[in-house]
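First comes the structure, then the notes that go with it.
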Amino acid sequence: MVLEPVIGFIEWIISAIEFMWPRFPWLLYGARITLYVATIAFFLGTGIGVFLGILRVSGIKVLEKIATAYIEVIRGTPLVVQILIVYFGIPIVTGIRFDPIMAGILTMGLNSGAYQAEIVRSGIKGIPTGQLEAAESLGLTYWQSMRYVIIPQAMRIVIPAFVNEYATILKDTSLLIIIGVPELTRQGQYIAAWSFRYFEVYITVALIYFILVLIVSRVARLLEKKLMIPGLGVTGARL
Amino acid sequence: MQPILLVKDLHKSYGQLHVLKGVSFEVSKGETVVIMGPSGSGKSTLLRCIVRLVEPDKGDIWIDGVRVTDPKCNLIDVRKHVGFVFQQFNLFPHMKVIDNIKLALVKIHKMSEEQATEKAMDVLRKVGLEDKAYAYPGELSGGQQQRVAIARALAIEPKLILFDEPTSALDPELIGEVLITMEHIAREGKTMVVVTHEIDFAREVADRVLFIDHGQILEEKDPETFFTNPEHPRLRAFLRRLLERV
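Keeping their order, the protein sequence lines are chains A and B.
In case it helps, our numbering puts the first sequence at residues 1 to 239.
In case it helps, our numbering puts the second sequence at residues 1001 to 1246.
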């Protein structure tokens, strides 16, 4: 029979769904933790990123050096190692202990800040110098020019890069498995470990990540449209 | 009478390149002075030095009696009273036309929202674009954008307006509307320094024309003499090239 393998496959799918269905809420719980950690870490990173990004173009040598050093150290070390340092290392030295979720948010936020600083810097650099000249010629100070003229344009230009960064964080939260944050991957591992149904479980986990990233990129496209201004494309193209 | 703008022995170098080699001139109240010269002769640098968007190396500049080149001089106070119109318009693309104009009025000149709106509409009417107040710069033609930029410069009621090749980035058919707007402003008695290659504008509107080449002012005349009887051989060569192009 030609149909046999097909029927076998369909049966296998049905049994996989039957197995996953009652456990799905556990994964959804994990997905909620993942979204929670990623979102707070992202905005923490945005705060750090905007601050460091501005320092990088401030023209004040000491501040530029400090920002650059921070960015290089973060980008030059693995995220997993950073997570281990914050969760296991910091408490020994300082006596301050974070719970796993808090440590996760903190590490990922500090980490993402370095990457977002580079995004912000490239956005600022992408604004034609004539904009700063025009603002200053009107009597605005350097910082006023930044605030009212340069930053609002730079942030629009780099929206796609920010969305990309958010998607990266969303997926990288899976590394928090090593400190026991009950995020999506950890929840999957838990189910797989006692049922031995690794394949079904991790495929489902992967599917959930995929759908989350898909939703993020769709929402981002709406956001881009909403913030779109004629002549100021989010890609930086001018009419 | 005290000149609105007085420039004395201005020098500026970029590395090895000596862009301005001792430029001196003055502009009286209500005058329109046109500066001509080949590209790379230092015209744009000169205008930028006046409001210190570029730092001059040596020399002095007075605007309405204030020595701008004084290290203690408050630049903001100077720029507050000098309008600058750029070759590339440099409107802020993320702001509506009216907000482009209101920004400095509200933040620097401390006007209320209503006052600023009124003032902005006032200057937009002057350049014939009051119906575009709530458009974004990207929705306007190049000529309209430059007229908005002129309105933005006018709104602060400047003592002096500097124009840096205001029509050089425009398509030929859009140049006329900008020149007409500038002519209106000149006739109203505004003090203007205009860097341009537009001979007709210089002839009809300028009170004086300066020729600058290799960082030096080589000739300074009323427009009639400047164009019909140029003395310096480099000016003659320059005018010949300019007329050939037309």
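By construction, the Cβ of each residue, glycine as well, lies at the ideal position given by its N, Cα and C atoms.
Note: A/MET228 is not bridge-paired with any residue in the DSSP secondary-structure output. Look at the beta carbons and you see the region 145–152 of chain A not touching the region 1076–1089 of chain B: under three pairs across the two are nearer than 8 Å. Put simply, of A/GLN131, A/TYR166, A/THR94 and A/TYR29 the residue whose alpha carbon is nearest the alpha carbon of A/PHE42 is A/TYR166. B/LYS1058 is bridged by DSSP to B/HIS1011. Under the DSSP assignment, B/GLN1216 falls in the beta strand (DSSP E) whose first and last residues are 1216–1221. With a threshold of 16 other beta carbon atoms within 10 Å, A/LYS65 falls short and is exposed. Beyond the five residues adjoining it in sequence on each side, A/ASN111 comes within less than 7 Å, by CB distance, of ILE74, LEU79 and GLN82 in the same chain, given in chain order. At a cut-off of 7 Å between beta carbons, A/LEU138 contacts chain B.
Judged by pairs of C-beta atoms under 8 Å, the region 177–197 of chain A touches the region 14–30 of chain A, as three or more such pairs exist. In this chain, A/PHE196 is not harboured by any alpha helix (DSSP H), its DSSP state being neither H nor E. Under DSSP, the beta-bridge partners assigned to B/ARG1208 are B/VAL1033.
Burial state of B/TYR1136 is buried, judged by a 10 Å Cβ sphere holding 16 or more other Cβ atoms.
Residue pairing by DSSP places A/ARG147 opposite no residue, since no beta bridge is assigned to it.
Close CB contacts of B/ALA1120 within its chain, under the 8 Å cut and outside five residues either way in sequence, are with ILE1098, ILE1101, LYS1102, LEU1105, ALA1133, ALA1151 and ALA1155 (chain order). The region 1008–1025 of chain B and the region 1159–1174 of chain B do not touch, with fewer than 3 CB-CB distances between them shorter than 8 Å. Taking a C-beta distance under 7 Å as the contact criterion, B/ARG1147 and B/VAL1123 do not qualify as a contact pair.
DSSP assignment within the region 130–174 of chain A yields the following whole alpha helix (DSSP H) runs of 4 residues or more, N-terminal first: 142–145, 151–157 and 159–172. By the criterion of a C-beta distance shorter than 6 Å, B/PRO1158 is surrounded in its chain by HIS1081, VAL1082 and GLY1083, once the five residues flanking it on both sides are discounted.
Taking 7 Å as the cut-off between beta carbons, the residues of the region 1075–1099 of chain B near chain A are ILE1076, ARG1079, LYS1080, PHE1084, PHE1086, GLN1088, ASN1090, PHE1092, PRO1093 and HIS1094, in sequence order.
Close to B/ILE1108, with beta-carbon spacing below 7 Å, are these residues of chain A in chain order: LEU138, GLY139 and LEU140. CA-to-CA, the gap between B/HIS1214 and B/LEU1179 works out to about 27 Å.
For the 7 Å CB-CB criterion, B/LYS1021 and B/ASP1060 do not form a contact.
Secondary structure at B/ASP1070: coil, using DSSP grouped into helix, strand and coil.
Taking C-alpha positions only, A/LEU132 is separated from B/ILE1035 by approximately 25 Å. The Cβ of A/VAL149 sits closer than 7 Å to at least one Cβ of chain B.
Take the alpha-carbon of A/TRP12 and the one of A/VAL6: they are about 10 Å apart.
If you draw a straight line from the Cα of B/ILE1004 to the Cα of B/THR1225, it comes to about 24 Å. With respect to B/PRO1223, B/ARG1203 sits close: the two C-beta atoms are nearer than 7 Å.
Excluding five sequence positions before and after B/ARG1048, the CB atoms of its chain that fall closer than 7 Å to its own CB belong to VAL1054, given in chain order. Contacts between B/LEU1053 and chain A, judged by CB atoms closer than 7 Å, involve GLU133, GLU136 and SER137 in chain order. Looking at the DSSP output, B/ASP1164 bridges to B/VAL1195.
With 16 or more other Cβ atoms inside 10 Å of its own Cβ, B/PRO1230 counts as buried.
Within the DSSP secondary-structure output, B/VAL1023 pairs in a beta bridge with B/LEU1010.
Partner residues in the beta bridge of B/GLY1083, as assigned by DSSP, are B/ILE1161. Taken in chain order, the unbroken stretches of alpha helix (DSSP H) that lie wholly in the region 28–92 of chain A and span 4 residues or more are 61–75 and 79–84.
Counting along the chain, the unbroken alpha helix (DSSP H) around B/MET1121 starts and ends at 1113–1126.
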